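S.K.: Respectively, the protein sequence lines represent chains G and E. Here numbering that gives the first Met the number 0 is used: position 120 in the first sequence is 119, and no number is missing along the way. Here numbering that gives the first Met the number 0 is used: position 117 in the second sequence is 116, and no number is missing along the way. Ideal placement from N, C-alpha and C gives every residue a C-beta, glycine not left out. From a predicted model like this one, the values you see are computed outputs, not experimental measurements. Got a structure for you, questions after.
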Amino acid sequence: MAVDLPDNVVVTKLDELVSWCRKNSLWPMPFATACCGIELMATGASRHDLARFGAEVFRFSPRQCDLMIVAGRVVMKMLPVLQRIWQQMPEPKWCISMGACASTGGVFDTYSVVQGIDRFVPVDMYVPGCPPRPEQLIRAIMDLQEKIQREGTMFGREFEAPHRQGPPRALRTAPREHAPKTTHP
Amino acid sequence: MMNPQTIDALKADFPELTAGEFREQARVVVPAAVVHDVLRALKEKHGFDLLVDVTCVDYLHYRDAADRFGLVYLLANTATNERITVRTFVNDPNPSVPTVVDLWQAANWLEREVWDMFGIRFRGHPDLRRILLPEEFAAFPLRKDYPLQGRGERHNFPVLTRADS
Ligand code: SF4
Numbered sequence: 000m001a002v003d004l005p006d007n008v009v010v011t012k013l014d015e016l017v018s019w020c021r022k023n024s025l026w027p028m029p030f031a032t033a034c035c036g037i038e039l040m041a042t043g044a045s046r047h048d049l050a051r052f053g054a055e056v057f058r059f060s061p062r063q064c065d066l067m068i069v070a071g072r073v074v075m076k077m078l079p080v081l082q083r084i085w086q087q088m089p090e091p092k093w094c095i096s097m098g099a100c101a102s103t104g105g106v107f108d109t110y111s112v113v114q115g116i117d118r119f120v121p122v123d124m125y126v127p128g129c130p131p132r133p134e135q136l137i138r139a140i141m142d143l144q145e146k147i148q149r150e151g152t153m154f155g156r157e158f159e160a161p162h163r164q165g166p167p168r169a170l171r172t173a174p175r176e177h178a179p180k181t182t183h184p
Numbered sequence: 000m001m002n003p004q005t006i007d008a009l010k011a012d013f014p015e016l017t018a019g020e021f022r023e024q025a026r027v028v029v030p031a032a033v034v035h036d037v038l039r040a041l042k043e044k045h046g047f048d049l050l051v052d053v054t055c056v057d058y059l060h061y062r063d064a065a066d067r068f069g070l071v072y073l074l075a076n077t078a079t080n081e082r083i084t085v086r087t088f089v090n091d092p093n094p095s096v097p098t099v100v101d102l103w104q105a106a107n108w109l110e111r112e113v114w115d116m117f118g119i120r121f122r123g124h125p126d127l128r129r130i131l132l133p134e135e136f137a138a139f140p141l142r143k144d145y146p147l148q149g150r151g152e153r154h155n156f157p158v159l160t161r162a163d164s
């Protein structure tokens with residue numbers, strides 16, 4: 000027996016429906032530590048109008064965010080803060096590493112600057128540039144939306160994939176330096 | 000410009016002091032043993048009421064350098080707009096000088112920064128803790144024998160994975 004669907008009814012999978020909702024309401028956590036943060040602010044301002052992608056609601060409480068945008072270099076004193084904020088964000092959550100410094104340490108190959116946040120927190124999108132233009136950040140957000148739509152599931156099964164555990168493969172095989180256990184002199 | 004009488008009076012009080020000039024700025028070099036007395040005289044007798052900066056230079060590997068650390072005090076007299084640089088030298092092991100927090104409160108954080116970066120101990124400082132680096136950092140990174148890329152402190156963190164976050 001064929002039932003004609005009315006025009007205002009759409010049939011889809013629940014996973015896809017949920018992902019569609021999530022991808023269009025990404026609330027960013029602006030973790031802006033350096034010059035890239037200025038470009039992040041420009042992205043959120045009226046000229047570039049992040050509201051077109053549902054991502055204009057910058058929240059300064061990690062409890063209300065699901066997209067962490069790390070904009071700027073992260074020093075070793077800041078990394079524990081970054082990790083704590085990441086852990087405070089509710090699932091499902093994503094991370095964009097914005098700019099050369101957040102992704103690799105950039106030109107700051109010094110004792111205090113972490114050489115890429117992906118060594119210590121999971122990263123979904125990398126934005127190259129120093130600083131990236133707002134268009135590039137918007138491109139990353141659009142790519143992330145596509146990724147969420149493509150592989151998102153209602154209960155976050157996609158986060159359990161083995162390749163998503165631990166730092167990227169290139170960093171896992173690299174020799175790791177280890178500091179001696181530190182005590183205050 | 001510096002009033003020449005100030006330098007003359009200082010020289011009379013402290014014979015071990017050597018005075019010079021660099022780019023029209025007066026500069027005196029004193030032994031570490033009397034640096035506190037010289038600074039006190041500059042403040043109380045000659046009106047240098049503002050401590051602009053306390054900083055340090057590591058002369059390891061520097062050509063013809065006899066001493067390891069050069070401490071630099073920059074002072075200003077806000078009434079006459081005079082400025083003077085006071086330098087002194089300290090050496091390993093345990094480089095230390097008396098604090099000048101009792102003369103200028105501004106020295107508190109400046110001396111903490113020098114301690115943080117160079118490991119110069121300021122005797123009598125009320126609160127000599129690290130100011131910029133984390134408390135558990137074990138080295139003095141602006142010393143010339145500290146490697147630019149550190150000793151792995153920047154890699155010494157737990158890795159958060161998707162599973163545990
Ligand atoms: S990538 Fe460039 S603009 Fe961005 S934080 Fe680093 S130095 Fe600044």
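Within a Cβ cutoff of 6 angstroms, which residues of the same chain sit near E:Leu73, ignoring the five residues on either side of it in sequence?
M.R.: Numbered from its first residue, the second sequence carries residue 73 of chain E at position 74. So the list reads Val51, Asp52, Thr84, once near-sequence residues are dropped.
S.K.: Using the three-state DSSP reduction, which class does E:Gln4 fall into: helix, strand or coil?
M.R.: Locating residue 4 of chain E in the second sequence gives position 5, counting from the first residue. E:Gln4 falls in the helix class under three-state DSSP.
S.K.: Where does E:Ala106 land, buried or exposed, given buried means 16+ other C-beta within 10 angstroms?
M.R.: For the purposes of this step, residue 106 of chain E is identified with residue 107 of the second sequence, where counting begins at 1. So E:Ala106 counts as buried.
S.K.: Would the region 88-107 of chain G count as touching the region 49-66 of chain G if we require 3 or more Cβ pairs under 8 angstroms?
M.R.: Taking 8 angstroms as the limit for Cβ pairs, the verdict is that the region 49-66 of chain G does touch the region 88-107 of chain G.
S.K.: Taking only heavy atoms of ligand 1 into account, decide whether any of them is closer than 7 angstroms to the Cβ of G:Pro252.
M.R.: For residue 252 of chain G there is no data in the structure shown, the boundaries of chain G being 0 and 184.
S.K.: State the start and end residues of the unbroken beta strand (DSSP E) segment that holds E:Asn76.
M.R.: The sequence position of residue 76 of chain E within the second sequence is 77, counting from 1. Its beta strand (DSSP E) spans residues 68-76.
S.K.: What is the residue span of the beta strand (DSSP E) that E:Ser95 lies within?
M.R.: For the purposes of this step, residue 95 of chain E is taken as residue 96 along the second sequence, with counting starting at 1. Looking at the DSSP string, the run of the beta strand (DSSP E) that includes E:Ser95 is 95-97.
S.K.: Check whether the Cβ atoms of E:Val175 and E:Arg86 lie closer than 8 angstroms to each other.
M.R.: The structure shown does not extend to residue 175 of chain E, since chain E spans only 0 to 164, so no value can be given for it.
S.K.: Within 10 Å of its beta-carbon, does G:His183 have 16 or more other beta-carbons around it, so buried, or fewer, so exposed?
M.R.: One-based indexing of the first sequence puts residue 183 of chain G at position 184. Confidence in G:His183 is poor, its pLDDT being 42 and thus under 50, which makes the residue's placement unreliable; the coordinate value appears in the next sentence. It is exposed - the Cβ of G:His183 has fewer than 16 other Cβ atoms within 10 Å.
S.K.: Can you tell me whether G:Ala41 sits near ligand 1, meaning its C-beta is under 7 angstroms from at least one heavy atom of the ligand?
M.R.: Mapped onto the first sequence, residue 41 of chain G falls at position 42. No, since every heavy atom of ligand 1 falls outside the 7 angstroms radius drawn around the Cβ of G:Ala41.
S.K.: For the region 99-130 of chain G, enumerate the residues whose C-beta is nearer than 9 angstroms to any C-beta of chain E, in chain order.
M.R.: Flagged, chain order: Gly104, Asp108, Thr109, Tyr110, Ser111, Val112, Val113, Gln114, Arg118, Phe119, Val120, Pro121.
S.K.: Note the first and the last residue of the continuous alpha helix (DSSP H) segment covering G:Ile68.
M.R.: By one-based count along the first sequence, residue 68 of chain G stands at place 69. Segment 66-70 is the beta strand (DSSP E) holding G:Ile68; no alpha helix (DSSP H) there.
S.K.: Where in the region 89-131 of chain E do unbroken runs of the alpha helix (DSSP H), each at least 4 residues long, occur, reported from the N-terminal end onward?
M.R.: Taking only runs of at least 4 residues, the alpha helix (DSSP H) segments lying wholly in the region 89-131 of chain E are 106-117.
S.K.: Step through the CB atoms of chain G and report whether any lies within less than 8 angstroms of the CB of E:Gln4.
M.R.: The count along the second sequence starts at 1 and reaches residue 4 of chain E at position 5. No - not a single Cβ of chain G is within 8 angstroms of the one on E:Gln4.
S.K.: Within 8 angstroms (strictly less), CB to CB, does E:Gly149 reach chain G?
M.R.: Position 150 of the second sequence holds residue 149 of chain E. Yes - at least one Cβ of chain G is within 8 angstroms of the one on E:Gly149.
S.K.: Spatial neighbours of E:Asp66 within its chain, please: CB distance less than 8 angstroms, with the 5 preceding and 5 following residues excluded, ordered by chain position.
M.R.: In the second sequence, residue 66 of chain E corresponds to position 67, counting from 1. Excluding sequence neighbours, E:Asp66 sits near Tyr58, Phe88, Val89, Asn90.
S.K.: Taking Cβ-Cβ distances shorter than 7 angstroms, what residues in chain A pair up with E:Arg153?
M.R.: Absent from the structure is chain A; the protein chains it does hold are G and E.
S.K.: Residues near ligand 1, CB to any non-hydrogen atom under 6 angstroms, in chain order?
M.R.: Residues with a Cβ closer than 6 angstroms to any heavy atom of ligand 1, in chain order: G:Ala33, G:Cys34, G:Cys35, G:Gly71, G:Arg72, G:Gly98, G:Ala99, G:Cys100, G:Gly105, G:Cys129, G:Pro130.
S.K.: Kindly indicate if chain E contains any beta-carbon less than 8 angstroms away from that of G:Asp14.
M.R.: In the first sequence, the residue the question calls residue 14 of chain G occupies position 15. No, because no Cβ of chain E sits closer than 8 angstroms to the Cβ of G:Asp14.
S.K.: Taking C-beta to C-beta, are G:Pro29 and G:Phe57 nearer than 8 angstroms?
M.R.: The residue you call residue 29 of chain G lines up with position 30 of the first sequence. The residue you call residue 57 of chain G lines up with position 58 of the first sequence. Contact: yes.
S.K.: Figure out for me which residue from G:Lys22, G:Asp3, G:Asn7 has the closest Cα to the Cα of G:Lys146.
M.R.: Against the first sequence, residue 146 of chain G aligns to sequence position 147. Nearest C-alpha to G:Lys146: G:Lys22.
S.K.: Let me check understanding here. Comparing Cα to Cα, which of E:Val158, E:Val33, E:Leu147, E:Leu70 lies closest to G:Thr109?
M.R.: To locate residue 109 of chain G, count along the first sequence from 1; it is residue 110. For the residues E:Val158, E:Val33, E:Leu147, E:Leu70, the minimum Cα distance to G:Thr109 belongs to E:Leu147.
S.K.: Pull up the distance between the alpha-carbon of G:Val17 and that of G:Arg163, whole angstroms please.
M.R.: Indexing the first sequence from 1 puts residue 17 of chain G at position 18. Indexing the first sequence from 1 puts residue 163 of chain G at position 164. About 21 angstroms.
S.K.: Of all the CB atoms in chain E, is at least one closer than 8 angstroms to the CB of G:Trp93?
M.R.: The count along the first sequence starts at 1 and reaches residue 93 of chain G at position 94. Chain E contact via Cβ: absent.
S.K.: Should the region 73-80 of chain G be called in touch with the region 100-115 of chain E, which here means at least 3 C-beta pairs below 8 angstroms?
M.R.: Segments in contact, no.
S.K.: Mind listing the chain E neighbours of G:Gly165? Cutoff is C-beta to C-beta under 8 angstroms, in chain order.
M.R.: Reading the first sequence from its first residue, position 166 is the one you call residue 165 of chain G. Ordered by position in chain E, the residues that pass the 8 angstroms Cβ test against G:Gly165 are Val158, Thr160.
S.K.: Identify every run of the alpha helix (DSSP H) within the region 62-117 of chain G, keeping only runs that are complete inside it and at least 4 residues long; order them along the chain.
M.R.: Here the runs fully enclosed are 78-87, 98-103.
S.K.: So what does DSSP say about G:Leu136, is it helix, strand or coil?
M.R.: Residue mapping note: residue 136 of chain G aligns to position 137 of the first sequence, counting from 1. Three-state result, G:Leu136: helix.
S.K.: Skipping 5 residues on each side, what residues in its chain have a beta carbon closer than 6 angstroms to that of E:Pro30?
M.R.: By one-based count along the second sequence, residue 30 of chain E stands at place 31. These residues qualify, in order along the chain: Glu15.
S.K.: Can you find a C-beta in chain G that's less than 8 angstroms from the C-beta of E:Leu132?
M.R.: Within the second sequence, residue 132 of chain E is the residue found at index 133, counting from 1. Yes, its Cβ sits closer than 8 angstroms to a Cβ of chain G.
S.K.: Opposite G:Tyr125 in the DSSP bridges: which residues?
M.R.: In the first sequence, the residue the question calls residue 125 of chain G occupies position 126. Answer by DSSP bridge pairing, in chain order: G:Ser96.
S.K.: Do you know offhand how far G:Ala31's Cα is from E:His124's?
M.R.: The count along the first sequence starts at 1 and reaches residue 31 of chain G at position 32. The count along the second sequence starts at 1 and reaches residue 124 of chain E at position 125. Between G:Ala31 and E:His124, the C-alpha separation is close to 35 angstroms.
S.K.: Is E:Val34 helix, strand or coil by DSSP?
M.R.: Indexing the second sequence from 1 puts residue 34 of chain E at position 35. In the structure shown, E:Val34 sits in a helix (DSSP, three-state: H, G or I).
S.K.: Using only CA atoms, which one of G:Glu150, G:Gly165, G:Leu49, G:Gly128 lies nearest to G:Leu13?
M.R.: For the purposes of this step, residue 13 of chain G is identified with residue 14 of the first sequence, where counting begins at 1. It is G:Glu150 whose Cα lies nearest to the Cα of G:Leu13.
S.K.: Measuring CB to CB, does G:Met124 end up less than 8 angstroms from G:Ala139?
M.R.: Taking the first sequence and counting its residues from 1, one reaches residue 124 of chain G at position 125. Taking the first sequence and counting its residues from 1, one reaches residue 139 of chain G at position 140. Yes; because the gap between Cβ atoms is below 8 angstroms, this pair is in contact.
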